[in-house]
Amino acid sequence: MNWAGPILLMALAGILLGGSLSLRKSEKYAASIVVAVLALAAFGGGIYLVYG
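My numbering puts the last residue of the sequence shown at 52; the count rises by one with no breaks.
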């Protein structure tokens, strides 16, 4: 199995989550929610590639 895709997606999810937290501290709540949803989608995609 090729693990590069899931690992990269989960790394992207971590980066996006950090960006979401940074935006939340800057009181940019709408952007923070959008980035958090993208992070969840990237993490879910990684999980799907591992177990799907």
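We put the CB at the ideal spot given by N, CA and C, even for glycine. Remember, predicted model here, so these are calculated numbers, not experimental data.
Quick check: residue i and residue j, are their CB atoms within less than 8 angstroms of each other?
i	j	result
A13	F43	yes
L9	G45	yes
V37	G19	no
Out of curiosity, what's the CA-to-CA distance linking residue i and residue j?
i	j	result
I33	K25	12 angstroms
L49	L40	14 angstroms
P6	K28	29 angstroms
Return the Cβ separation of residue i and residue j in integer angstroms, given the expectation that the two are a contact with Cβ distance under 8 angstroms.
i	j	result
L23	A31	5 angstroms
Should residue i be labelled buried (16 or more other beta-carbon atoms within 10 Å of its own) or exposed?
i	result
L16	buried
Checking contacts by CB at 8 angstroms: is residue i closer than that to chain C?
i	result
A13	This model lacks chain C altogether; it includes just one protein chain.
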